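Asks: Handing you a structure now.
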Amino acid sequence: MVPFRRAILALQGYIPGEQPKEKGFVKLNTNENPYPPSPKVTAAIYEFLSSSSLALYPPPLSDTVRQKAASVYGVPEEWVLVGNGSDELLDLVVRVFVEKETRVVYPVPTYTYYRVLTLIQGGTPYEIPFPEDFSLPREFVTASGHLKFLCNPNSPTGTFIPPEDVERVLEASSCPVVVDEAYVDFAPSSTLPLLERYENLIVVRTLSKSFSLAGLRIGFLFAHPYIIRELVKVKASYNVNILSQIGAYAALEDFEHARENIRRIKKTREWFSQRMEELGFFVYPSEANFVFVRRKGINLFFLYEELKRRKILVRYFPEWPDALRISIGTDRDMELLCAHIENILKERSHV
Ligand SMILES: Cc1ncc(COP(=O)(O)O)c(C=O)c1O
């Protein structure tokens, strides 16, 4: 056997949500958007394919998308980096700031990819439990480290920390603080306006959720240009393929399309949360396109499995056995889900 790095052999890799090969599933397990993206995205990609060549490399910094994102999000162009999904940008940040014996601090439970990325680099995860109400842990503000992550809204809970509290972290930390805003378009506000005042702030966003473009793989990182310059040194030269660049530009031009879908998802989230409470679940207040529902002390694997048998996929995390994370689909998807849950629980007489 060839020798591997010890950190890799010891690593438990990130396990992405299931993408079933069979058709016909109602997919509520990976926080994808149930509505199609703007038709302008596919039109722009077709137009490119019929008039331009795939023989050339794409612009290394995705210039036109970068300029568009800068104008849409109200920051100068040099403050933006475009990535192959926000996962690539999170990876890039960890590679730039983390090495052996450096500490990466984040509240848990949260997006488990932060842990995996840290361990790949040989860094040490420093995990601080959220309090019961999922407000900002005091220790997260004061803890020292080489990098901090805050997923906001948080996954898997959907809970949200207001920007005033994020500001306390930025003020108290000398290290870079990454605010992962993958779900922020479903929340009341972003930390982007704080960028100007805090040179240690890094905001990461994505077109995967609110723009219905998980398959296109486009993420944005916003930070002071002195940070962007170092990140650019490390990133793969042609990290974003040309079709994704074309599609992303078209998507940003049609922000209104995404906004309409965000409105619909938020509306569904509200009635669905209430309905789940009526069915006896504790529902964490969600500002994302998913909800985290709990039945304290009851292992919900049976519910996950039975729903899967009925062709509805939700997310079960073995580390939180009495909870399920459920993405918000269409009203019809969620009505169907509620009917099945009610039926399954009746059968099990948990209702
Ligand atoms: C909190 C969080 N951050 C980042 C990502 C990655 O998103 P993408 O790489 O599709 O931009 C996800 C995906 O589910 C996520 O939940």
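Take the sequence shown: its letters are residues 956 to 1306, numbered as in this note's numbering. Idealized CB from N, CA, C, for every residue including glycine. Please read all numbers here as calculations on a predicted model, not as lab measurements.
1. Quick check for students: name the residue ranges of the beta strand (DSSP E) that lie wholly in the region 1169 to 1249, counting only runs of 3 or more.
2. Going by DSSP, what residues sit across from residue 1135 in a beta bridge?
3. List, from N- to C-terminal side, the alpha helix (DSSP H) runs of 4 residues or more that fit wholly inside the region 970 to 1027.
4. Between residue 1066 and ligand 1, is there a pair consisting of the residue's CB and a ligand heavy atom that are separated by less than 6 Å?
5. Using the beta-carbon of each residue, find all residues closer than 6 Å to any heavy atom of ligand 1 and list them in chain order.
6. Please list the terminal residues of the continuous beta strand (DSSP E) segment that includes residue 1279.
7. Going by C-alpha distance, which of 1023, 1013, 1005 and 1030 is nearest residue 1179?
8. Look up residue 1148 in the DSSP assignment and say whether it is helix, strand or coil.
9. Leaving out five residues on either side along the sequence, give the residues of the same chain with a beta carbon under 6 Å from the beta carbon of residue 1154.
10. What first and last residue would you give for the alpha helix (DSSP H) that runs through residue 1069?
11. Please list the terminal residues of the continuous beta strand (DSSP E) segment that includes residue 1058.
12. Kindly indicate the opening and closing residues of the alpha helix (DSSP H) around residue 1118.
13. Evaluate residue 998 with the Cβ neighbour count: other Cβ atoms within 10 Å of its Cβ, from every protein chain shown; 16 or more gives buried, anything less gives exposed.
14. On the DSSP letters alone, give me the boundaries of the alpha helix (DSSP H) that residue 957 sits inside.
15. Output needed for residue 1190: all residues of its chain with C-beta closer than 7 Å, excluding positions within five of it in sequence on either side, in chain order.
16. Please report the residue range of the alpha helix (DSSP H) in which residue 1032 lies.
17. Check residue 1255 in the structure and name its three-state DSSP category.
Replies: Answer, in terms of the structure:
1. 1174 to 1177 and 1245 to 1249
2. 1106 and 1159
3. 994 to 1006
4. yes
5. 986, 1040, 1041, 1042, 1066, 1106, 1110, 1135, 1137, 1161, 1163, 1169 and 1174
6. 1278 to 1282
7. 1030
8. helix
9. 1179
10. 1068 to 1075
11. 1058 to 1063
12. 1118 to 1127
13. exposed
14. Careful: residue 957 lies outside any alpha helix (DSSP H) and carries neither H nor E.
15. 1047
16. It is not in any alpha helix (DSSP H) - residue 1032 carries neither H nor E in the DSSP assignment.
17. coil
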